[in-house]
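Input: a single structure, listed below in C-alpha coordinates.
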Amino acid sequence: MLRNSLPLSLSSAALLTATTALADVPRVMTDIAPVHALVAQVMGDLGAPDLLVDPGSSPHSYAMRPSQARALEKADLVFWIGEPLTPWLEGPLETLAAKAETLELLEAPGTIQFNFREAVVFAPAEGEEHEDHHDEHGHDEHAEHDDHAEGDHAEHDDHHDEHDDDHAHKDHDAHEHEEHGHEDEHAHEEEHADEKHDDHGHDDHDEHKDHDDHQEEHAGHDDHHDHGHDHDGLDPHAWLDPENGRIWLGVIADQLSALDPENAETYRANAAAGQEELAQLIGEIEAKLEPLDGQRFVVFHDAYQYFENRFHLKALGAISLGDAADPSPARIAEIQAAVRDSSITCVFSEPQYDPRLIRTVFEGVDVNTAELDPLGLSQPEGAALYPGLIRGLAEAVADCLK
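Mapped onto mature numbering (1 follows the signal peptide of the UniProt record, and there is no 0), the consecutive letters of the sequence shown carry residue numbers -23 to -1, 1 to 379.
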(Lines of atoms letter the chains of each structure in order from A and count residues from 1; the text may use other names and numbers.)
(Lines give C-alpha, C1' and ligand atoms only; values in the text may rest on other atoms or scores of the structure.)
Protein backbone atom coordinates (compact mmCIF):
# COMPACT_ATOMS: atom_id res chain seq x y z
CA MET A 1 0.00 0.00 0.00
CA LEU A 2 1.08 3.57 -0.49
CA ARG A 3 2.01 5.99 2.21
CA ASN A 4 3.38 9.51 2.49
CA SER A 5 2.33 11.33 -0.64
CA LEU A 6 5.39 13.15 -1.97
CA PRO A 7 5.49 16.15 -4.30
CA LEU A 8 4.80 15.11 -7.85
CA SER A 9 8.04 16.66 -9.14
CA LEU A 10 11.46 16.14 -7.65
CA SER A 11 12.94 19.00 -9.67
CA SER A 12 11.56 22.37 -10.74
CA ALA A 13 13.73 22.39 -13.83
CA ALA A 14 13.41 20.22 -16.91
CA LEU A 15 15.65 17.19 -17.01
CA LEU A 16 17.82 18.18 -19.95
CA THR A 17 20.53 15.55 -19.92
CA ALA A 18 20.90 11.92 -18.97
CA THR A 19 23.23 12.93 -16.13
CA THR A 20 20.67 15.33 -14.67
CA ALA A 21 17.89 12.76 -15.06
CA LEU A 22 19.96 10.16 -13.23
CA ALA A 23 20.52 12.58 -10.37
CA ASP A 24 16.86 13.50 -10.00
CA VAL A 25 14.98 10.26 -10.48
CA PRO A 26 13.63 8.70 -7.28
CA ARG A 27 15.80 6.41 -5.19
CA VAL A 28 14.01 3.07 -5.48
CA MET A 29 14.33 0.01 -3.24
CA THR A 30 12.96 -3.43 -4.18
CA ASP A 31 12.58 -6.57 -2.11
CA ILE A 32 13.38 -9.51 -4.42
CA ALA A 33 15.22 -9.91 -7.72
CA PRO A 34 12.10 -10.40 -9.92
CA VAL A 35 10.64 -7.11 -8.66
CA HIS A 36 14.04 -5.45 -9.08
CA ALA A 37 14.06 -6.62 -12.70
CA LEU A 38 10.60 -5.21 -13.42
CA VAL A 39 11.55 -1.85 -11.91
CA ALA A 40 14.84 -1.87 -13.85
CA GLN A 41 12.87 -2.43 -17.05
CA VAL A 42 10.73 0.62 -16.36
CA MET A 43 13.57 2.88 -15.22
CA GLY A 44 15.82 1.94 -18.12
CA ASP A 45 18.81 4.25 -18.48
CA LEU A 46 17.37 6.82 -16.07
CA GLY A 47 18.52 5.01 -12.95
CA ALA A 48 18.96 1.70 -11.17
CA PRO A 49 16.88 0.35 -8.27
CA ASP A 50 18.44 -1.22 -5.19
CA LEU A 51 17.81 -4.83 -4.11
CA LEU A 52 17.32 -6.10 -0.57
CA VAL A 53 17.16 -9.91 -0.77
CA ASP A 54 19.91 -11.66 -2.71
CA PRO A 55 18.51 -14.24 -5.18
CA GLY A 56 20.42 -16.97 -3.36
CA SER A 57 18.58 -16.33 -0.08
CA SER A 58 15.04 -17.12 0.94
CA PRO A 59 12.80 -14.04 1.20
CA HIS A 60 10.65 -15.83 3.77
CA SER A 61 13.30 -15.50 6.49
CA TYR A 62 15.91 -12.84 5.92
CA ALA A 63 17.70 -10.25 8.04
CA MET A 64 19.08 -7.12 6.45
CA ARG A 65 22.71 -6.15 6.72
CA PRO A 66 23.42 -2.68 8.15
CA SER A 67 24.32 -1.38 4.69
CA GLN A 68 20.95 -2.51 3.38
CA ALA A 69 19.17 -0.84 6.27
CA ARG A 70 20.97 2.42 5.46
CA ALA A 71 19.97 2.14 1.79
CA LEU A 72 16.36 1.57 2.79
CA GLU A 73 16.46 4.74 4.91
CA LYS A 74 17.48 6.75 1.83
CA ALA A 75 14.75 5.38 -0.45
CA ASP A 76 12.07 7.64 -1.92
CA LEU A 77 10.02 4.71 -3.17
CA VAL A 78 9.82 1.02 -2.22
CA PHE A 79 8.27 -1.72 -4.35
CA TRP A 80 7.72 -5.02 -2.56
CA ILE A 81 5.60 -8.12 -3.06
CA GLY A 82 4.01 -7.75 0.34
CA GLU A 83 3.92 -8.92 3.93
CA PRO A 84 2.87 -12.52 3.12
CA LEU A 85 6.24 -13.07 1.39
CA THR A 86 8.51 -10.99 3.65
CA PRO A 87 6.85 -10.59 7.06
CA TRP A 88 10.17 -9.38 8.50
CA LEU A 89 10.14 -6.33 6.18
CA GLU A 90 6.93 -4.72 7.39
CA GLY A 91 8.54 -3.30 10.52
CA PRO A 92 11.54 -1.73 8.74
CA LEU A 93 9.24 -0.12 6.19
CA GLU A 94 7.37 1.58 9.02
CA THR A 95 10.55 2.77 10.71
CA LEU A 96 13.55 2.97 8.40
CA ALA A 97 11.52 3.88 5.31
CA ALA A 98 8.94 6.01 7.09
CA LYS A 99 9.47 8.92 4.66
CA ALA A 100 9.29 6.78 1.54
CA GLU A 101 6.26 5.79 -0.44
CA THR A 102 5.70 2.04 -0.52
CA LEU A 103 3.75 -0.02 -3.02
CA GLU A 104 2.73 -3.58 -2.11
CA LEU A 105 2.42 -5.25 -5.50
CA LEU A 106 0.13 -8.01 -4.25
CA GLU A 107 -2.40 -5.27 -3.55
CA ALA A 108 -2.09 -3.53 -6.92
CA PRO A 109 -5.40 -3.39 -8.84
CA GLY A 110 -5.82 -6.25 -11.29
CA THR A 111 -3.27 -8.53 -9.63
CA ILE A 112 -4.18 -12.20 -10.05
CA GLN A 113 -4.29 -13.82 -6.62
CA PHE A 114 -4.57 -17.31 -5.16
CA ASN A 115 -4.82 -18.50 -1.59
CA PHE A 116 -2.38 -21.02 -0.20
CA ARG A 117 -3.04 -24.66 -0.91
CA GLU A 118 -3.33 -26.58 2.34
CA ALA A 119 -3.27 -30.16 1.10
CA VAL A 120 -0.02 -32.08 0.91
CA VAL A 121 -1.20 -33.75 -2.30
CA PHE A 122 -3.10 -31.24 -4.38
CA ALA A 123 -3.17 -32.45 -7.98
CA PRO A 124 -6.42 -33.98 -9.29
CA ALA A 125 -6.49 -37.71 -9.82
CA GLU A 126 -5.96 -39.04 -13.31
CA GLY A 127 -8.96 -38.23 -15.48
CA GLU A 128 -10.39 -35.86 -12.88
CA GLU A 129 -11.21 -32.42 -14.19
CA HIS A 130 -9.23 -29.56 -12.72
CA GLU A 131 -12.14 -27.35 -11.72
CA ASP A 132 -10.10 -24.71 -9.96
CA HIS A 133 -8.84 -22.91 -13.06
CA HIS A 134 -7.37 -19.51 -12.32
CA ASP A 135 -9.96 -17.58 -14.32
CA GLU A 136 -12.41 -18.46 -11.52
CA HIS A 137 -10.23 -17.07 -8.74
CA GLY A 138 -9.20 -13.91 -7.05
CA HIS A 139 -10.41 -10.62 -8.40
CA ASP A 140 -13.91 -10.58 -9.79
CA GLU A 141 -12.92 -7.82 -12.15
CA HIS A 142 -10.27 -10.02 -13.74
CA ALA A 143 -12.84 -11.78 -15.88
CA GLU A 144 -13.83 -8.43 -17.35
CA HIS A 145 -10.31 -7.45 -18.36
CA ASP A 146 -10.28 -8.45 -22.01
CA ASP A 147 -6.61 -7.71 -22.31
CA HIS A 148 -5.83 -10.12 -19.48
CA ALA A 149 -7.75 -13.07 -20.89
CA GLU A 150 -5.99 -16.33 -21.59
CA GLY A 151 -4.57 -16.41 -25.08
CA ASP A 152 -5.52 -12.85 -25.86
CA HIS A 153 -1.99 -11.52 -25.98
CA ALA A 154 -2.40 -9.49 -29.15
CA GLU A 155 -4.05 -6.64 -27.30
CA HIS A 156 -1.58 -6.52 -24.44
CA ASP A 157 0.32 -3.56 -25.90
CA ASP A 158 -2.30 -1.18 -24.59
CA HIS A 159 -2.43 -2.68 -21.13
CA HIS A 160 -0.37 0.03 -19.48
CA ASP A 161 -2.92 2.71 -20.36
CA GLU A 162 -5.46 1.23 -18.00
CA HIS A 163 -3.24 2.23 -15.10
CA ASP A 164 -3.30 5.97 -15.90
CA ASP A 165 -5.70 6.74 -13.09
CA ASP A 166 -2.81 6.11 -10.65
CA HIS A 167 -4.81 3.17 -9.21
CA ALA A 168 -5.92 5.24 -6.27
CA HIS A 169 -2.37 4.84 -4.98
CA LYS A 170 -2.69 7.76 -2.64
CA ASP A 171 -5.60 6.12 -0.86
CA HIS A 172 -4.92 2.46 -1.31
CA ASP A 173 -7.16 1.34 1.50
CA ALA A 174 -10.12 2.41 -0.62
CA HIS A 175 -9.20 0.48 -3.76
CA GLU A 176 -11.22 -2.30 -5.21
CA HIS A 177 -9.70 -5.10 -3.22
CA GLU A 178 -12.24 -6.00 -0.59
CA GLU A 179 -10.91 -6.88 2.85
CA HIS A 180 -9.25 -10.22 2.52
CA GLY A 181 -11.39 -12.05 5.01
CA HIS A 182 -10.26 -15.57 4.60
CA GLU A 183 -12.60 -17.94 6.38
CA ASP A 184 -10.21 -20.69 7.36
CA GLU A 185 -12.43 -23.23 5.70
CA HIS A 186 -10.86 -24.14 2.38
CA ALA A 187 -10.86 -27.93 2.27
CA HIS A 188 -7.83 -29.75 0.97
CA GLU A 189 -9.32 -30.49 -2.37
CA GLU A 190 -10.23 -26.84 -2.91
CA GLU A 191 -6.69 -25.57 -3.16
CA HIS A 192 -7.34 -22.19 -4.66
CA ALA A 193 -9.99 -20.57 -2.47
CA ASP A 194 -10.59 -17.09 -3.81
CA GLU A 195 -10.89 -15.13 -0.62
CA LYS A 196 -8.30 -12.40 -0.18
CA HIS A 197 -6.88 -11.00 3.01
CA ASP A 198 -5.30 -8.06 4.74
CA ASP A 199 -4.48 -9.77 8.05
CA HIS A 200 -1.80 -12.31 7.25
CA GLY A 201 -1.11 -13.35 10.80
CA HIS A 202 2.68 -12.96 10.58
CA ASP A 203 4.77 -11.51 13.37
CA ASP A 204 7.07 -8.57 12.66
CA HIS A 205 10.75 -9.33 13.15
CA ASP A 206 13.63 -7.02 14.00
CA GLU A 207 15.48 -6.54 10.76
CA HIS A 208 18.86 -6.46 12.43
CA LYS A 209 18.85 -9.68 14.45
CA ASP A 210 20.57 -12.91 13.42
CA HIS A 211 21.71 -11.45 10.11
CA ASP A 212 24.59 -13.89 10.00
CA ASP A 213 22.08 -16.66 9.35
CA HIS A 214 20.30 -15.06 6.40
CA GLN A 215 21.99 -17.22 3.79
CA GLU A 216 20.78 -20.39 5.48
CA GLU A 217 17.45 -20.47 3.72
CA HIS A 218 15.72 -22.66 6.24
CA ALA A 219 17.22 -20.95 9.27
CA GLY A 220 14.68 -20.27 11.94
CA HIS A 221 12.43 -23.09 10.77
CA ASP A 222 13.96 -25.96 12.71
CA ASP A 223 11.33 -25.73 15.42
CA HIS A 224 8.46 -24.85 13.11
CA HIS A 225 7.28 -27.87 11.20
CA ASP A 226 4.33 -27.40 8.91
CA HIS A 227 1.85 -28.93 11.33
CA GLY A 228 2.39 -25.91 13.60
CA HIS A 229 1.92 -23.27 10.90
CA ASP A 230 -1.20 -21.25 10.25
CA HIS A 231 -0.95 -21.76 6.53
CA ASP A 232 -3.98 -20.05 5.11
CA GLY A 233 -4.37 -16.72 3.38
CA LEU A 234 -2.84 -15.20 0.30
CA ASP A 235 -0.09 -17.06 -1.57
CA PRO A 236 2.54 -14.36 -2.23
CA HIS A 237 4.41 -16.03 -5.12
CA ALA A 238 2.36 -14.03 -7.62
CA TRP A 239 5.35 -12.92 -9.72
CA LEU A 240 5.52 -16.46 -11.14
CA ASP A 241 2.50 -15.64 -13.31
CA PRO A 242 4.02 -13.40 -16.01
CA GLU A 243 0.62 -11.81 -16.52
CA ASN A 244 1.07 -10.29 -13.07
CA GLY A 245 4.49 -9.12 -14.24
CA ARG A 246 2.80 -7.31 -17.10
CA ILE A 247 0.26 -5.73 -14.78
CA TRP A 248 2.95 -4.59 -12.38
CA LEU A 249 5.04 -2.97 -15.12
CA GLY A 250 2.16 -0.56 -15.68
CA VAL A 251 1.73 0.04 -11.95
CA ILE A 252 5.45 0.71 -11.52
CA ALA A 253 5.49 3.13 -14.45
CA ASP A 254 2.53 5.03 -13.03
CA GLN A 255 4.10 5.44 -9.62
CA LEU A 256 7.47 6.52 -10.97
CA SER A 257 5.70 8.94 -13.29
CA ALA A 258 3.81 10.46 -10.37
CA LEU A 259 7.05 11.11 -8.49
CA ASP A 260 9.09 12.09 -11.56
CA PRO A 261 6.72 13.51 -14.21
CA GLU A 262 9.58 14.88 -16.28
CA ASN A 263 10.48 11.31 -17.20
CA ALA A 264 6.95 9.91 -17.35
CA GLU A 265 7.04 9.34 -21.10
CA THR A 266 10.18 7.23 -20.78
CA TYR A 267 8.79 5.19 -17.90
CA ARG A 268 5.59 4.41 -19.79
CA ALA A 269 7.40 3.54 -23.01
CA ASN A 270 9.76 1.20 -21.17
CA ALA A 271 6.83 -0.45 -19.41
CA ALA A 272 5.00 -0.95 -22.70
CA ALA A 273 8.06 -2.58 -24.24
CA GLY A 274 8.36 -4.92 -21.28
CA GLN A 275 4.68 -5.80 -21.46
CA GLU A 276 4.98 -6.71 -25.12
CA GLU A 277 8.03 -8.88 -24.43
CA LEU A 278 6.17 -10.76 -21.70
CA ALA A 279 3.08 -11.20 -23.89
CA GLN A 280 5.23 -12.87 -26.52
CA LEU A 281 6.94 -14.98 -23.85
CA ILE A 282 3.59 -16.22 -22.53
CA GLY A 283 2.62 -17.41 -25.99
CA GLU A 284 6.00 -19.07 -26.47
CA ILE A 285 5.78 -20.97 -23.19
CA GLU A 286 2.17 -22.02 -23.76
CA ALA A 287 3.24 -23.70 -26.99
CA LYS A 288 6.26 -25.30 -25.32
CA LEU A 289 4.37 -26.77 -22.37
CA GLU A 290 1.12 -27.74 -24.06
CA PRO A 291 2.34 -31.30 -24.87
CA LEU A 292 2.97 -31.84 -21.13
CA ASP A 293 -0.65 -31.25 -20.10
CA GLY A 294 -1.65 -33.88 -17.56
CA GLN A 295 1.84 -34.88 -16.46
CA ARG A 296 2.45 -34.33 -12.78
CA PHE A 297 5.49 -33.61 -10.66
CA VAL A 298 6.54 -32.73 -7.11
CA VAL A 299 8.04 -29.37 -6.10
CA PHE A 300 10.24 -28.54 -3.14
CA HIS A 301 7.92 -25.92 -1.66
CA ASP A 302 4.46 -24.80 -2.64
CA ALA A 303 5.45 -21.71 -4.60
CA TYR A 304 4.37 -22.50 -8.14
CA GLN A 305 0.60 -22.48 -8.41
CA TYR A 306 0.66 -19.15 -10.28
CA PHE A 307 2.97 -20.62 -12.90
CA GLU A 308 1.01 -23.89 -12.95
CA ASN A 309 -2.31 -22.17 -13.54
CA ARG A 310 -1.00 -19.81 -16.20
CA PHE A 311 0.42 -22.70 -18.21
CA HIS A 312 -2.04 -25.50 -17.30
CA LEU A 313 0.39 -27.63 -15.32
CA LYS A 314 -0.58 -29.97 -12.48
CA ALA A 315 1.85 -30.49 -9.64
CA LEU A 316 1.08 -33.50 -7.46
CA GLY A 317 2.22 -31.84 -4.28
CA ALA A 318 4.98 -30.04 -2.40
CA ILE A 319 7.45 -31.33 0.15
CA SER A 320 7.33 -28.07 2.12
CA LEU A 321 4.64 -25.48 2.68
CA GLY A 322 4.52 -22.22 0.76
CA ASP A 323 6.59 -20.42 3.40
CA ALA A 324 9.31 -23.10 3.05
CA ALA A 325 8.90 -24.32 6.63
CA ASP A 326 10.54 -27.67 7.31
CA PRO A 327 8.06 -30.46 6.55
CA SER A 328 6.79 -32.70 9.33
CA PRO A 329 7.47 -36.45 9.21
CA ALA A 330 3.78 -36.99 8.47
CA ARG A 331 3.94 -34.66 5.47
CA ILE A 332 7.03 -36.41 4.12
CA ALA A 333 5.35 -39.80 4.52
CA GLU A 334 2.26 -38.60 2.66
CA ILE A 335 4.34 -37.29 -0.25
CA GLN A 336 6.30 -40.53 -0.41
CA ALA A 337 3.09 -42.55 -0.49
CA ALA A 338 1.59 -40.34 -3.20
CA VAL A 339 4.68 -40.74 -5.37
CA ARG A 340 4.64 -44.52 -4.95
CA ASP A 341 0.96 -44.63 -5.94
CA SER A 342 1.31 -42.42 -9.00
CA SER A 343 3.28 -42.15 -12.19
CA ILE A 344 5.42 -39.23 -11.03
CA THR A 345 8.65 -38.97 -13.00
CA CYS A 346 10.04 -35.61 -11.86
CA VAL A 347 10.90 -33.88 -8.60
CA PHE A 348 12.18 -30.30 -8.41
CA SER A 349 14.64 -28.81 -5.95
CA GLU A 350 15.49 -25.11 -5.61
CA PRO A 351 18.86 -23.35 -5.39
CA GLN A 352 17.79 -21.43 -2.28
CA TYR A 353 17.25 -24.67 -0.34
CA ASP A 354 19.30 -27.66 0.77
CA PRO A 355 18.87 -30.46 -1.82
CA ARG A 356 19.60 -33.14 0.77
CA LEU A 357 15.94 -33.18 1.77
CA ILE A 358 14.99 -34.13 -1.79
CA ARG A 359 17.46 -37.01 -1.70
CA THR A 360 16.14 -38.16 1.66
CA VAL A 361 12.48 -38.06 0.66
CA PHE A 362 12.98 -39.84 -2.65
CA GLU A 363 15.73 -42.28 -1.76
CA GLY A 364 15.22 -45.45 -3.75
CA VAL A 365 12.52 -43.91 -5.96
CA ASP A 366 13.11 -43.84 -9.71
CA VAL A 367 12.41 -40.18 -10.53
CA ASN A 368 14.19 -37.45 -12.44
CA THR A 369 15.43 -34.54 -10.35
CA ALA A 370 15.81 -31.01 -11.66
CA GLU A 371 16.00 -27.49 -10.28
CA LEU A 372 13.41 -24.72 -10.36
CA ASP A 373 14.72 -21.25 -9.59
CA PRO A 374 11.85 -18.95 -8.51
CA LEU A 375 14.10 -15.96 -7.75
CA GLY A 376 16.44 -15.86 -10.73
CA LEU A 377 19.70 -16.87 -9.04
CA SER A 378 21.10 -18.14 -12.34
CA GLN A 379 20.05 -15.01 -14.25
CA PRO A 380 22.11 -11.82 -14.65
CA GLU A 381 20.86 -8.93 -12.54
CA GLY A 382 18.81 -6.33 -14.36
CA ALA A 383 15.75 -6.03 -16.56
CA ALA A 384 16.43 -9.31 -18.38
CA LEU A 385 16.24 -11.33 -15.16
CA TYR A 386 12.45 -11.53 -15.03
CA PRO A 387 11.74 -12.92 -18.52
CA GLY A 388 14.83 -15.11 -18.13
CA LEU A 389 13.46 -16.47 -14.85
CA ILE A 390 10.05 -17.32 -16.37
CA ARG A 391 11.64 -18.90 -19.43
CA GLY A 392 14.02 -20.86 -17.21
CA LEU A 393 11.12 -22.35 -15.24
CA ALA A 394 9.45 -23.48 -18.46
CA GLU A 395 12.64 -25.04 -19.79
CA ALA A 396 13.30 -26.89 -16.53
CA VAL A 397 9.78 -28.31 -16.44
CA ALA A 398 9.89 -29.34 -20.10
CA ASP A 399 13.30 -31.00 -19.78
CA CYS A 400 12.40 -32.92 -16.63
CA LEU A 401 9.01 -34.17 -17.84
CA LYS A 402 9.87 -35.09 -21.40
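Where a beta carbon is used, it is the ideal one built from N, C-alpha and C, also for glycine.
Where does V5 land, buried or exposed, given buried means 16+ other C-beta within 10 angstroms? Classification of V5: buried, given that the 10 Å Cβ count is 16 or more.
Given a threshold of 16 other Cβ atoms within 10 Å of its Cβ, counted over all protein chains shown, does A264 qualify as buried or as exposed? Flag for A264 reads exposed.
If I measure Cβ to Cβ from I309 and keep anything under 6 Å in the same chain, skipping five residues before and after, which residues do I get? Contacts found: V338.
DSSP state of A290 mapped onto helix, strand, coil: First, the residue type needs correcting, since residue 290 is Leu and not Ala in the sequence shown. Of the three classes helix, strand and coil, the one that applies to L290 here is coil, per DSSP.
Under a three-way DSSP split, which group does R4 fall into? Three-state DSSP puts R4 in coil, outside helix and strand.
If contacts are defined as beta-carbon pairs under 8 Å, then E348 and S319 qualify, I think. What distance do you get, rounded to the angstrom? 21 Å between Cβ atoms; not a contact.
I'd like the list of long-range same chain contacts for I321, defined as Cβ closer than 7 Å, with 5 residues on each side in sequence excluded. In chain order, R273, F274, V275, L293 and V344 place their CB closer than 7 Å to the CB of I321, counting only its own chain and leaving out the 5 sequence neighbours on each side.
If we call anything under 8 Å between Cβ atoms a contact, is G210 one with L255? No, these two residues do not count as a Cβ contact at 8 Å.
Please go through the same chain and pick out, in chain order, the residues whose beta-carbon is closer than 8 Å to the beta-carbon of L269, but skip the five residues on each side of it. L290, V374, A375, L378 and K379
Distance check for G68 and E153, CA to CA, integer angstroms please. Bear in mind that a pLDDT of 39 at E153, under 50, signals an unreliable position, so the number given afterwards is only what the model happens to contain. One C-alpha to the other measures close to 25 Å.
Grab me the residues of T7's own chain with a C-beta within less than 6 Å of its C-beta, minus the 5 sequence neighbours each way, in chain order. Scanning its chain for C-beta atoms nearer than 6 Å, with the 5 sequence neighbours on each side dropped, one finds around T7 the residues H13, V16, P26, L28 and F56, in chain order.
Alpha-carbon to alpha-carbon, S297 and G359: If I take the Cα positions, the gap works out to 30 Å.
My guess is that P351 and L258 are in contact by the Cβ rule of under 8 Å, so how many angstroms apart are they, rounded? Contact doesn't hold; Cβ gap of about 16 Å is too wide.
If you run the structure through DSSP and keep just helix, strand and coil, what is I321? coil
Please report the Cβ distance between P43 and L354, rounded to the nearest whole angstrom; I am assuming they are in contact, meaning their Cβ atoms lie under 8 Å. About 24 Å separates the two Cβ atoms, so there is no contact after all.
Per DSSP, what kind of secondary structure is E71 in: helix, strand or coil? When secondary structure is reduced to three states using DSSP, E71 falls in the helix class.
Pull up the distance between the alpha-carbon of L217 and that of A248, whole angstroms please. 18 Å
Ends of the beta strand (DSSP E) at V55? Membership of V55 in the beta strand (DSSP E) is indicated by the continuous run L54 to W57.
Applying the 10 Å Cβ sphere with the 16-neighbour rule, what's the burial state of T72? Label assigned to T72: exposed.
Which runs of the alpha helix (DSSP H) at least 4 residues long sit entirely within the stretch 316 to 361? Give them in chain order. 333 to 338
For A295, the residue or residues it bridges with in DSSP: V276
Over the uninterrupted beta strand (DSSP E) stretch that includes E261, give me the two end residues. Segment A241 to L266 is the alpha helix (DSSP H) holding E261; no beta strand (DSSP E) there.
Applying the criterion that 16 or more other CB atoms from any shown protein chain within 10 Å of the CB defines a buried residue, is G128 buried or exposed? Low local confidence applies: a pLDDT of 40 at G128 is under 50, so the model's placement there is unreliable, and no value is given.
How would you write the range of the alpha helix (DSSP H) that E84 sits in, first residue to last? First-last for E84: undefined, no H or E at that position.
Quick one, which of A46, Q18 and D279 has its alpha-carbon nearest F93's? Among A46, Q18 and D279, the Cα nearest to that of F93 belongs to D279.
If we ignore side chains and look at the alpha-carbon of each, how far apart do I229 and L54 end up? 10 Å
Less than 7 Å between C-beta atoms, sequence neighbours within five positions excluded: which residues of the same chain meet that for C323? F274, V344, N345, A347, C377 and L378
Can you tell me whether H174 is buried or exposed, with buried defined as 16 or more other CB within 10 angstroms of its CB? Reliability fails at H174, whose pLDDT of 38 lies under 50, so the model's placement of it is uncertain and the value that follows must be treated cautiously. By the neighbour-count criterion, in which 16 or more other beta carbons inside 10 Å mark a residue as buried, H174 falls on the buried side.
D303: which of H37, L82, M20 and P213 sits nearest, CA to CA? It is H37.
Measuring alpha carbon to alpha carbon, tell me which residue in I312, L362 and A235 is nearest L80. Comparing Cα positions, the closest option is A235.
Can you have a look at P219 and say buried or exposed, based on whether 16 or more other CB atoms are within 10 angstroms of its CB? buried
In whole angstroms, give me the CA-to-CA distance for A315 and V98. If you take the alpha carbons of A315 and V98, they lie about 7 Å apart.
Pairwise C-alpha distance: G251 and L83: Rounded to whole angstroms, L83 to G251 spans 19 Å at the Cα level.
Using the rule of at least 16 other Cβ atoms within 10 Å of the residue's Cβ for burial, across every protein chain shown, is P357 buried or exposed? exposed
Would you mind stating whether Y283 and A371 have Cβ atoms separated by less than 8 Å? Between Y283 and A371, the C-beta gap is not smaller than 8 Å, which leaves the two residues out of contact.
Buried or exposed: which applies to P64, given that a residue is buried once 16 or more other Cβ atoms fall within 10 Å of its Cβ? When all chains shown are included, P64 counts as buried.
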